[in-house]
Every structure is written in C-alpha cells, then in structure tokens.
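Be aware that the sequence shown starts at 0, since it is given in numbering that gives the first Met the number 0, and climbs by one per residue. Using N, Cα and C, we set each Cβ at its ideal position, and we do this for glycine too. The block underneath contains the structure these notes are about, expressed in structure tokens.
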Amino acid sequence: MNRIERVLKKGEKMLIPYITPEFPLPGVTLQLLEALAKSGADMIEVGIPFSDPIADGVTIQNSSLVALKNGITLKKIFDLVSLFRRNFDTPIILMGYANSIISGGLEKFIFDAVNSGVDGLIVPDLPVDEAENLIDVSKTYGLSNIFLVAPNSSEERIKLISEKSTHFIYCVSITGVTGERENFGDGEFVNFMSKVRKFSTKPFVVGFGISKREHVLKVWEWAMGAVVGSALIKKLSNASDVSMCVKIASEFLSELKYGSFQ
C-alpha cells in the first residue's frame with residue numbers, strides 16, 4: 000500500500016508543510032525533514048528547485064535560487080529522501096516543473112523517485128489533458144499523481160482531475176501564485192470548497208496562502224489537509240544555522256497543527 004493511501008485511510012485532518020531542499024543553508028534538508036516528521040507533519044511536500052517556477056510567488060522563487068546556489072540537484076534530493084526513509088514513513092511528495100522531470104527521461108525520473116522513497120508527484124505546469132504518459136508510467140511504479148484544481152475550474156474539470164488523480168487532489172485556494180495572504184477563507188473560498196466537495200470523488204487538500212492556525216482550521220472545515228509553504232519558507236529565511244532552522248520549523252508546524260508547541 001502506498002504510504003499516502005495509508006495516511007488517508009486514517010481519516011484524520013492533515014497538515015502538509017512544503018520545503019525547498021537546501022534552503023536556507025546547505026546541509027539543512029535531512030534534519031529539516033526529520034524535524035517536520037517528528038513535529039506532526041502528515042505528509043511533506045519537497046520542491047524541486049527550478050530557474051523559472053511560474054506557479055510560485057517571490058518567497059519560493061527566491062528559495063529556489065538559493066537552493067540552486069547551495070548545490071541542490073535532483074540526484075541529491077533522491078539521496079536525501081533515501082536517508083530520510085531509514086527512520087521515517089511520512090509520505091514525501093515532490094513538486095516540480097515538467098522540464099525538470101522529463102529532461103532526463105520520464106521513466107528514469109519516476110523509477111529513481113520511487114526507489115528513493117518518494118510517494119507522490121505534483122507537476123503544476125502539466126495539464127491533466129497532457130499527462131497520460133505520466134499517469135501510465137506512474138501506475139507502473141506505484142507513484143501517486145496529484146493534479147491541481149483552481150477556483151475558476153469548471154465542474155467538468157474538477158470531475159476530470161478527480162478521476163485522474165491517484166489518491167487526492169490539490170486545491171489552489173486563490174487564482175495566482177503561491178504566497179502568504181492575510182485574508183483567507185472568504186465567501187469565494189467557501190463557494191470553491193462547496194464546488195469541489197460536490198464534484199470530486201477523491202479527498203482534497205488546500206494550499207496557497209495558508210500561514211496561520213486560523214487558516215488551517217478554516218481549511219479543515221472543508222478539506223482533508225492544509226499545505227503550508229511560503230509562510231514556512233519565509234520563517235526559515237531568518238535562520239543563521241541548521242539548529243535554528245530545525246527549531247523554527249518544529250515550533251511553527253506544531254503551532255499550526257496543535258495551537259501550541261508540543
């Protein structure tokens with residue numbers, strides 16, 4: 000059974016942090032993954048740094064540039080996931096752009112990802128209509144595909160994405176790029192969630208703009224999980240060493256999930 004499926008079967012509300020590997024410092028990734036798993040992360044999303052991340056706001060764009068300067072590569076990401084897998088079963092989901100994934104061969108990418116311990120994949124610039132090859136190869140190796148729906152997605156589109164996603168779908172809470180938002184959970188959000196709940200046959204999580212405990216609780220009213228990315232990346236950018244990164248990530252995740260540091 001895929002680790003994602005195992006977590007979903009628990010039926011519990013999830014918190015899913017996003018990190019950019021080797022940000023803000025070289026050598027931080029493994030300790031950061033372990034700290035997030037210990038602090039209650041139900042799944043962890045790991046970005047594949049890319050020079051032109053069109054779906055990402057300034058915070059994650061900058062973190063990608065720093066990570067690339069710090070020497071992150073696709074092979075290193077796989078190696079780090081393998082090390083993480085020695086002690087932790089927390090599902091790992093990679094988020095990467097199509098060029099990063101197909102440049103070295105799609106099947107090789109998926110084989111290496113699964114072999115390292117990756118459980119799922121999000122490709123924000125690959126429309127589901129053009130993803131049949133990805134879906135077919137992923138099924139062969141047991142990799143979960145997660146496709147995105149947005150507030151302007153039609154009923155038919157939500158149905159299609161729900162059908163093509165393996166275990167769950169990812170709702171982009173706002174039309175635009177990633178980033179923190181002060182206002183979250185307004186009437187437009189409620190209408191969007193109502194539409195997804197009505198037309199999706201798969202569980203769904205929500206990301207983009209989530210930065211506070213109250214945002215997480217609002218998401219949990221509707222969805223199985225909340226994804227927190229830019230807010231965590233922004234906090235980590237202030238860290239001067241690896242131990243500080245671990246402390247910041249652990250306390251922030253615990254605050255978001257439990258309301259206090261556990």
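Secondary structure note for L29: it is in no beta strand (DSSP E), and the uninterrupted alpha helix (DSSP H) holding it is T28 to K37.
Annotation: R5 to V205 spans about 19 Å, alpha carbon to alpha carbon. Secondary structure at V171: strand, using DSSP grouped into helix, strand and coil. Taking a contact as a CB-CB distance under 8 Å, the pair A97 and L125 counts as one, their CB atoms being some 5 Å apart.
Under the DSSP assignment, E154 falls in the alpha helix (DSSP H) whose first and last residues are E154 to K163. The C-alpha of S102 is placed about 15 Å away from the C-alpha of V136. Secondary-structure assignment with DSSP links E44 through a beta bridge to Y17 and I92. The residues S161, S164, F167 and I168, in chain order, have a CB closer than 6 Å to that of K201 in the same chain once the five nearest residues on each side in sequence are set aside. Closest by C-alpha distance to M13, out of K138, E187, L73 and M223, is M223. Under the three-state reduction of DSSP output, A149 falls in the coil class, being neither helix nor strand.
Ranking L31, A34 and I43 by CA distance to the CA of R2 puts I43 first. Residue pairing by DSSP places V205 opposite C170 and A225 in a beta bridge.
For the set L79, V57 and P48, the Cα lying nearest the Cα of Q30 is the one of L79. Beta-carbon to beta-carbon, L93 and V27 are separated by about 18 Å, too far to satisfy the 8 Å threshold. Here L142 carries a coil assignment [DSSP, helix/strand/coil].
Boundaries for I71: no beta strand (DSSP E) harbours it, and the DSSP string shows neither H nor E there. Membership of L120 in the beta strand (DSSP E) is indicated by the continuous run G119 to I121. Between L35 and P16 the beta-carbon gap is near 5 Å, inside 8 Å, which marks them as a contact.
Between the alpha carbons of P123 and S239 lies a gap of roughly 31 Å. Going by DSSP, A97 is part of the alpha helix (DSSP H) stretching over A97 to I101. Cβ contact annotation for F77 (same chain, cutoff 7 Å, sequence separation greater than five): D111, A112 and S115, in chain order. If you ignore the 5 residues before and after G119, its C-beta comes within less than 6 Å of the C-beta of I3, I92, S143 and I145, all in its own chain and listed in chain order. For the set G208, E254, I71 and H214, the Cα lying nearest the Cα of S50 is the one of I71. Here the alpha carbon of S152 sits roughly 29 Å from the alpha carbon of S62. In the structure shown, A230 falls within a helical segment according to DSSP collapsed to helix, strand and coil. In the three-state reduction of the DSSP assignment, R212 falls in the helix class. The alpha-carbon separation between L64 and P48 amounts to approximately 7 Å.
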